[in-house]
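Going by our numbering, the sequence shown opens with residue 11, and the numbers climb by one from there. One structure below.
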Amino acid sequence: MGHYTPTDREIDVTTPSVARMYDWLLGGTDNYASDREACDHLLRIAPSSKELALTNRAFLRRVVRFLAEECEIRQFIDHGSGLPTQDNVHQIAQKADPQARVVYVDDDPIVLAHGRTMLEENAQTAVLCADMRDTDDIFEHRDTQRLIDPTKPTAALFVSVLHCLPDASDPAALLRDVASRLAPGSYLVVCQLVSDDKAIRDGVTDLMATTTGGRWGRVRSKAEVAEFLRDWRPVEPGLVEVSRWRPDSQPTVWKQGNEWEEWGGVVAL
């Protein structure tokens, strides 16, 4: 049976949640009127947002498959995992090895509620209701220690979540902290929303900060994200718009000129 961390935090359906907004953009049903209204506002500023969410999810599938099949990674920590959907990290990784282990981390209590159902028959997974910045709590948690062997390589995923952190939280320091806790041969997967258009960066940042009650960070530039990862060696093809990261045989490539994009890649530690 999978494990989850209990939480006393109530689900607030009146304030939009990033996880539930992402669920709606992916075509899911685990969202509320407040989330859908916030997505309507977002689509007016950045009409490509739904396409972007789908592109990002496809990147997650490819990167986990690459890590599990080609790099033989058997341990994953998925920071800001969001609501369960099709092709979750453990489902992809366990196709390569049924014993692959995954710890999901998210601070939205609805993710925890749905994770109970999804993981109740999978002993190789756990869902932690935690802030990804609380690295001591995450790595010292009994389920992390049960599933993640600190002496073996691990993939730490930060897929489309660093834009939820303000600059004051120092995302680069968070990545260094997590990397310092992982064994040699581990990997970081990092991508976040970027835009070369300052008006888009500021408009989306202001909208999301307001609608989520401050639970948001900032749309950044490519150079800023590259700076987060400067200490490590990128895996080919490097840091790119995510539809261009090891695309499938018939990729859906992100259109140049869209308001924003998901940008990043995989680095070896």
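A virtual CB, placed ideally from N, CA and C, is assigned to each residue, including glycine. On a predicted model such as this, the values are computed, not experimentally measured, just so you know.
Cutting at 6 Å between CB atoms, please list the residues of its own chain near residue i, excluding the five before and the five after it.
i: S196; result: P163, T164 and L279
i: G227; result: H173, C174, L175 and P176
i: G111; result: Position check: residue 111 holds Arg in this sequence, whereas Gly was assumed. Correct list, in chain order: Q85, Q134 and L157.
i: D97; result: R71
i: G223; result: T25
Determine the contact status of residue i and residue j, defining contact as a CB-CB distance below 9 Å.
i: I55; j: V214; result: yes
i: V113; j: I83; result: no
i: D117; j: M142; result: yes
i: A182; j: F238; result: yes
i: D45; j: D33; result: yes
i: V115; j: G90; result: yes
i: A68; j: D258; result: yes
i: R186; j: D241; result: yes
From what residue to what residue does the beta strand (DSSP E) around residue i run?
i: E271; result: E271 to A278
i: L138; result: T135 to C139
i: V214; result: Segment K208 to T221 is the alpha helix (DSSP H) holding V214; no beta strand (DSSP E) there.
i: Y42; result: Segment: none, Y42 is in no beta strand (DSSP E) and carries neither H nor E.
i: I87; result: Q85 to H89
i: D116; result: R111 to D116
i: V169; result: A165 to V169
i: V23; result: V23 -> no beta strand (DSSP E), and no H or E assigned at all.
i: L249; result: First-last for L249: undefined, no H or E at that position.
Need the endpoints of the alpha helix (DSSP H) that residue i sits in, please.
i: H100; result: V99 to A106
i: V74; result: S59 to E79
i: R152; result: R152 to L157
Measuring only the C-alpha atoms, how far is residue i from residue j?
i: A29; j: L175; result: 14 Å
i: R191; j: P160; result: 8 Å
i: H100; j: S58; result: 28 Å
i: T17; j: G92; result: Below a pLDDT of 50, predicted positions are generally treated as unreliable, and T17, at 47, falls in that range; the measurement from the model is reported next regardless. Their Cα atoms are separated by approximately 16 Å.
i: M11; j: K105; result: Confidence is the limiting factor: at M11 the pLDDT is only 38, short of 50, which leaves the residue's position unreliable, though a coordinate-based value still follows. The alpha-carbon atoms of M11 and K105 are separated by roughly 18 Å.
i: A43; j: P26; result: 9 Å
i: P119; j: Q109; result: 27 Å
i: V245; j: A178; result: 28 Å
i: K208; j: N132; result: 44 Å
i: A236; j: L184; result: 15 Å
i: R225; j: A219; result: 6 Å
Please return the same chain residues whose Cβ sits closer than 8 Å to the Cβ of residue i, not counting the five positions on each side in sequence.
i: N66; result: V169, S170, C201, V252 and E272
i: H51; result: L217 and T221
i: G248; result: G275
i: S231; result: V204, S205, D206 and R211
i: T154; result: I87, V113, A136, L138 and I148
Kindly give me the distance between the Cβ atoms of residue i and residue j, rounded to whole angstroms, as I take these residues to be in contact under 8 Å.
i: D147; j: A140; result: 6 Å
i: A78; j: A103; result: 4 Å
i: L167; j: V199; result: 5 Å
i: F76; j: R243; result: Contact flag wrong, Cβ pair sits at about 16 Å.
Once the 5 residues before and after residue i are set aside, which same chain residues still bring their CB inside 7 Å of it?
i: L70; result: V169
i: L36; result: A63, L64, R67 and T95
Are the C-beta atoms of residue i and some chain C residue less than 9 Å apart?
i: P176; result: As a matter of chain content, chain C is missing from the structure shown, which is built from one protein chain.
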